[in-house]
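**Q** Chains as they are written, first to last, in the numbering used here: chain A, 1 to 363; chain B, 1 to 363.
Yeah, the Cβ is synthetic: ideal placement off N, Cα and C, and Gly gets one too.
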DNA sequence: CTTAGCACTCGAGGAAACTGAGTGCTAATA
DNA sequence: TATTAGCACTCAGTTTCCTCGAGTGCTAAG
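1. Would residue 230(B) and residue 268(B) qualify as a contact pair, given that the criterion is a beta-carbon distance under 8 angstroms?
2. Tell me the DSSP bridge mates of residue 279(B)?
3. Have a look at residue 13(B) and residue 295(B) and give me their C-alpha separation to the nearest angstrom.
4. Which term fits residue 123(B), buried or exposed, when burial requires 16 or more other beta carbons within 10 angstroms of its beta carbon?
5. Closer than 9 angstroms by beta-carbon distance: list the chain B residues that pair up with residue 236(A), in chain order.
6. Below 8 angstroms, can you find three or more Cβ-Cβ pairs linking the stretch 214–222 of chain B to the stretch 148–167 of chain B?
7. In chain order, what residues of the same chain have a beta carbon less than 8 angstroms from the beta carbon of residue 256(B), not counting five sequence neighbours either side?
8. Use the C-beta contact count for residue 342(B): other C-beta atoms within 10 angstroms, 16 or more gives buried, fewer gives exposed.
9. Taking the beta carbon of residue 109(A) as the centre, do at least 16 other beta carbons fall within 10 Å, making it buried, or is it exposed?
10. Which ranges would you report for the alpha helix (DSSP H) in the stretch 213–278 of chain A if only whole runs of at least 4 residues count?
11. Counting along the chain, where does the alpha helix (DSSP H) carrying residue 176(A) start and finish?
12. Below 8 angstroms on the Cβ atoms is my contact criterion, and I expect residue 264(B) with residue 93(B) to pass it. Report the Cβ-Cβ distance as a whole number of Å.
13. Along the stretch 312–324 of chain A, what residues have a CB closer than 7 angstroms to any CB found in chain B?
14. Quick one: what's got a C-beta closer than 7 angstroms to residue 116(B)'s C-beta in the same chain, skipping five residues either side?
15. Kindly indicate if chain B contains any beta-carbon less than 8 angstroms away from that of residue 139(A).
16. Does the separation of the CB atoms of residue 143(B) and residue 178(B) fall below 8 angstroms?
17. I want to verify the contact list: residues of chain A whose CB lies under 7 angstroms from the CB of residue 25(B), in sequence order.
18. So which of 70(A), 129(A), 48(A) and 151(A) has the shortest CA-CA distance to residue 367(A)?
19. Return the chain-ordered list of same chain residues with a C-beta closer than 6 angstroms to the C-beta of residue 57(B), the five sequence neighbours on each side being excluded.
20. Should residue 333(A) go down as buried or exposed, given a rule of 16 or more other Cβ atoms within 10 Å for buried?
21. Helix, strand or coil for residue 285(B), going by three-state DSSP, please let me know.
22. By DSSP, does residue 168(B) sit in helix, in strand, or in coil?
23. Counting Cβ pairs, one atom from each stretch, are 3 or more of them under 8 angstroms apart for the stretch 38–49 of chain A and the stretch 3–13 of chain A?
24. Examine chain A for any beta-carbon lying closer than 8 angstroms to the beta-carbon of residue 161(B), and answer yes or no.
25. Taking the alpha carbon of residue 228(A) as the point to measure from, which residue in 324(A), 317(A), 134(A) and 273(A) has its own alpha carbon closest?
26. Going straight from the alpha carbon of residue 272(B) to that of residue 248(B), what length do you get?
27. Under three-state DSSP, which class holds residue 162(B)?
28. So that I know if they touch, is there some Cβ in chain A lying closer than 8 angstroms to that of residue 117(B)?
29. Please compile the residues from chain B whose C-beta is within a distance smaller than 8 angstroms of the C-beta of residue 242(A).
30. Let's see if you can read the secondary structure: which residues bound the alpha helix (DSSP H) around residue 47(B)?
31. Quick one: what's got a C-beta closer than 6 angstroms to residue 40(B)'s C-beta in the same chain, skipping five residues either side?
32. Leaving out five residues on either side along the sequence, give the residues of the same chain with a beta carbon under 7 angstroms from the beta carbon of residue 335(A).
33. Report buried or exposed for residue 223(B), applying the criterion of at least 16 other Cβ atoms within 10 angstroms of its Cβ.
34. Taking DSSP as the reference, what is the three-state secondary structure of residue 71(A)?
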């Protein structure tokens, strides 16, 4: 059933106000809003109906109303008005991003910290590898002292290596042969096929250096597996404690613990299939501890087959409009930065035209 | 001034009891302890003196006493009785450590988590490189497509590399020459000396590939710098919230924030010069937020020139004896594990002989 | 030197009363 | 018919007041 315009307006106002104050909202407060042309009695009737429709709740008889999960969902999906980032906000985000970021794992930590600062909420950031990993090229270098260096070139120019102590004496020629064989048979294929006949074929062709093959392939498998693993960081946990809903220490502890545990380990996966910004409202969360905790997250592109994700964790009563806007802008800026790593070209702050923040509110 | 035996006994009892209950301790409670042979009145007098000596404090007139910072210091340095780990405790620590640990940065995270679990307090873990880093050996590999791979061998068999796009065409012979020059002049010296005449000499001898030298040395410097950087993780922050002293959310927030900020970034450095276990009691902390928060930490050996550190953060009223014992055992186990990485040989659980936990209580 | 006794202090905890924001319902109004 | 004013009622939160008892310091007796 579609809500009347007036009901929508009331619902939106209630959620807006509740987001600002964290206190149950009464009919009078709504009636006194600048562009509300009805008396508190009318609002009262509307609120009563919204309550019976399941969009609002009443903590107890003589208190105002607070949004229910369905109310938030409706708000996020249809009612919420786009938040316009101020020039100051875009500038501070840009400034934050401009700092040099080096290694990927450090980067994830840093991004999480920045997002947390920008939203004043705990933030998650993750980078996970897309697509099936394979080796582009093998190199074997004689390193003296009876050891060799194995160098793997991966797609996207990444290079990984390992020092291998030689179990047997191997000549330079043997190595050349072995690497030729490896490059001929084992490149550009997924690691699942490193088995059976292919393996035997390689062993046969490898000649004197055949005993190295298992060591090499073990390391290769390990490396490729590590490539697919997701790197994830959480920052700014303490910001939760500043919010009125977490004045209750026990509750705060439960939430913080489950943040630190595995609770969010599946978020990057969830994000894979979604596009744009995704909002998970309170009870839609999986974990029980997170009943009145929401998550807003979005993807960005790191390049090199890496998929980035940033998100924030907050009370169900969080300022979705603002958070979504900042998150989207952040993601956009990061994507652009990674697109041209040498001269980071940051997006222009939104000028006169409305700032579109794409959004899907999946369940 | 040396305290009388009886005063020591009273002080120890007060701290012990306060650690257990987190409530001010009265004279009666002390007098009723099994091996206390004096009446509450006598204890009262002793406590009054201990108070005027600065070892105890009184929250208000009609309450019991709590230890002051000086009281804790005294307790940690002289009074505390060694805690004997139970077989169960050693077993669970061993079990935890036995899990495979891969990369160093992951390892640091994992260790922090384990320590936090073992002590039920937030834990810090860090790994930092010891001694001045240098390059053992340079290798340059032609990688096709107008690029080369630079391979640096560091002490302790670590290998790092980078793909370099060639600005100019370079032949295999040129590369051989360049790497010979690099290996002759730039190995086994600290990076501070990569300057002036040495640099010029290399450039002159490098021939056709001279234009590569700056790129190579930039990367080398960066790598060596990264080698000295400390890797640090904190886990189990939420455990703080379970403790009575952090029922006050604002306080908890202040402490957690400063844990997440830079507050502990200097701990690894502090640990460098200390040996054994170090206890920093509340007000000895640098940061103001950490006034009634203590830190216990100890070192362990990762090998490969890496120095490990583990520590826990807790209220000044923490069970120093227990924490210190567990931490020491943990450190010992880790050291042994890294000493023989393939077949981790864990220390035997302490048998009949007293379990010595070396300890220095520096200021 | 130790201990029993005692008057005193003062925070914690609980009951009772008060306050006021907010409600639902009814009747008047446009 | 839709809106609004008015009113009695509800109930969480706050304040006030009181009691209770753990703990103290001091004095005098053992």
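**A** According to the structure data:
1. Reading the second chain from its first residue, position 230 is the one you call residue 230(B). Reading the second chain from its first residue, position 268 is the one you call residue 268(B). Yes, the Cβ-Cβ distance between residue 230(B) and residue 268(B) is below 8 angstroms.
2. Indexing the second chain from 1 puts residue 279(B) at position 279. Bridge partners of residue 279(B): 296(B).
3. Counting from one through the second chain, the residue named residue 13(B) turns up at place 13. Counting from one through the second chain, the residue named residue 295(B) turns up at place 295. Distance from the CA of residue 13(B) to the CA of residue 295(B), rounded to the nearest whole angstrom, comes to 22 angstroms.
4. Position 123 of the second chain holds residue 123(B). Residue environment for residue 123(B): buried (at least 16 other C-beta atoms within 10 angstroms of its C-beta).
5. Taking the first chain and counting its residues from 1, one reaches residue 236(A) at position 236. 257 and 260, listed in chain order.
6. Touching, yes, given that three or more Cβ pairs across the two stretches are closer than 8 angstroms.
7. As a working mapping, residue 256(B) is identified with position 256 in the second chain. Taking residue 256(B) as the centre and dropping the five residues before and after it, the same chain places the C-beta of 237 and 240 closer than 8 angstroms to its C-beta, in chain order.
8. Stepping through the second chain from its first residue, residue 342(B) is reached at position 342. Below a pLDDT of 50, predicted positions are generally treated as unreliable, and residue 342(B), at 47, falls in that range; no measurement from the model is reported.
9. If you number the first chain from 1, residue 109(A) lands on position 109. Around the beta carbon of residue 109(A), a 10 Å sphere encloses 16 or more other beta carbons of the protein chains shown; the residue is thus reported as buried.
10. For the stretch 213–278 of chain A, whole alpha helix (DSSP H) runs of length 4 or above, ordered along the chain, are 213–228, 249–260 and 267–273.
11. What you label residue 176(A) is simply residue 176 of the first chain in a count that begins at 1. First-last of the alpha helix (DSSP H) with residue 176(A): 172–185.
12. Indexing the second chain from 1 puts residue 264(B) at position 264. Indexing the second chain from 1 puts residue 93(B) at position 93. No, residue 264(B) and residue 93(B) are not in contact; Cβ-Cβ is about 23 angstroms, not under 8 angstroms.
13. For the stretch 312–324 of chain A, the set of residues with a beta-carbon nearer than 7 angstroms to any beta-carbon of chain B is empty.
14. Your numbering for residue 116(B) matches position 116 in the second chain. Apart from the 5 residues on each side of it in sequence, residue 116(B) sits with its Cβ closer than 7 angstroms to the Cβ of 122, 123, 235, 236 and 239 in its chain, given in chain order.
15. For this step, residue 139(A) is matched to residue 139 along the first chain. Chain B, which has a Cβ nearer than 8 angstroms to the Cβ of residue 139(A), makes this yes.
16. If you number the second chain from 1, residue 143(B) lands on position 143. If you number the second chain from 1, residue 178(B) lands on position 178. Contact flag unset, no.
17. Looking up residue 25(B) in the second chain gives position 25. Within chain A, no residue comes near residue 25(B); the closest Cβ sits about 24 angstroms away, beyond 7 angstroms.
18. Summary: the structure shown does not reach residue 367(A), with chain A confined to residues 1 through 363, and so no result is reported for it.
19. Sequence index remark: in the second chain, residue 57(B) carries index 57 (1-based). Listed in chain order, the non-local C-beta contacts of residue 57(B) below 6 angstroms within the same chain comprise 66 and 68, local neighbours out to five positions each way being set aside.
20. Within the first chain, the letter at position 333 stands for residue 333(A). It counts as buried.
21. For the purposes of this step, residue 285(B) is taken as the residue at position 285 of the second chain. Correct three-state label for residue 285(B): coil.
22. For the purposes of this step, residue 168(B) is taken as the residue at position 168 of the second chain. Taken through DSSP and simplified to helix, strand or coil, residue 168(B) comes out as coil.
23. Contact holds: three or more Cβ-Cβ distances are below 8 angstroms.
24. For the purposes of this step, residue 161(B) is taken as the residue at position 161 of the second chain. Chain A contact via Cβ: present.
25. For the purposes of this step, residue 228(A) is taken as the residue at position 228 of the first chain. The shortest C-alpha separation from residue 228(A) is found at 134(A).
26. On the second chain, position 272 is the one that residue 272(B) refers to. On the second chain, position 248 is the one that residue 248(B) refers to. If you take the alpha carbons of residue 272(B) and residue 248(B), they lie about 34 angstroms apart.
27. The count along the second chain starts at 1 and reaches residue 162(B) at position 162. Under the three-state reduction of DSSP output, residue 162(B) falls in the strand class.
28. On the second chain, residue 117(B) is found 117 positions in, with the first residue counted as 1. So no, residue 117(B) is outside the interface.
29. Mapped onto the first chain, residue 242(A) falls at position 242. Near residue 242(A) (Cβ distances below 8 angstroms), the residues of chain B are 253.
30. In the second chain, counting from the first residue as 1, residue 47(B) sits at position 47. 40–52 is the extent of the alpha helix (DSSP H) around residue 47(B).
31. Locating residue 40(B) in the second chain gives position 40, counting from the first residue. 27, 28 and 31.
32. Your numbering for residue 335(A) matches position 335 in the first chain. Hits under 7 angstroms: 300 and 301.
33. As a working note, residue 223(B) is residue 223 in the second chain. Flag for residue 223(B) reads buried.
34. Start at 1 with the first residue of the first chain, and residue 71(A) comes out as number 71. DSSP places residue 71(A) in helix when its eight states are reduced to three.
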